[in-house]
Amino acid sequence: MAESPRDEKPACYGDIETVFPLAADGLRATPEECMRCLHKTACLRSAMEGRRGWRVRAEMVDRAYRGGIIGFFQRWSRKKIIDQQRQKEETS
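My numbering puts the sequence shown at residues 110 to 201.
Structure below.
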């Protein structure tokens with residue numbers, strides 16, 4: 110059975126640098142054209158599950174630390190958890 114046009118995923122599907130790029134201000138934001146896409150939620154989830162998603166999570170922890178939202182030990186703990194999850198996923 111052929112997929113309908115609504116089920117076809119665009120070429121950029123799951124590409125973290127396309128669907129959640131780093132802007133000039135150092136923050137990540139979803140582009141406007143992605144906001145109109147039918148696949149935006151699943152696409153962003155897929156991108157965050159990939160290898161580059163781990164890097165984005167670590168960036169978020171570092172930004173929270175620099176902003177004073179979390180302290181040194183929380184940053185260390187969260188980054189350690191992220192790294193352990195990444196290693197576990199890579200060996201699976």
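A virtual CB, placed ideally from N, CA and C, is assigned to each residue, including glycine.
In chain order, what residues of the same chain have a beta carbon less than 6 Å from the beta carbon of residue i, not counting five sequence neighbours either side?
i: M110; result: Because the pLDDT at M110 is just 46, under 50, the model does not fix this residue reliably, and the value given afterwards should be weighed accordingly. So no residue of the chain qualifies.
i: R161; result: I125
Sorted by chain position, which residues of the same chain lie with C-beta nearer than 8 Å to residue i's C-beta, five sequence neighbours on each side aside?
i: F129; result: R137, A138, T139, L153, A156, M157, V165
i: V170; result: I179, R184, R187, K188, I191
Tell me which same chain residues have a C-beta within less than 7 Å of the C-beta of residue i, skipping the five on either side of it?
i: D124; result: A156
Provide the residue span of the alpha helix (DSSP H) that contains residue i, from first to last.
i: R195; result: 181 to 200
i: C121; result: Neither: C121 is in no alpha helix (DSSP H) and is coded neither H nor E.
i: E126; result: 125 to 128
Between the options, which lies nearest to residue i when the distance is taken from Cα to Cα?
i: Q193; options: H148, A167, E117; result: A167
i: D134; options: T200, R172, K118; result: R172
i: T150; options: K118, W163, E198; result: K118
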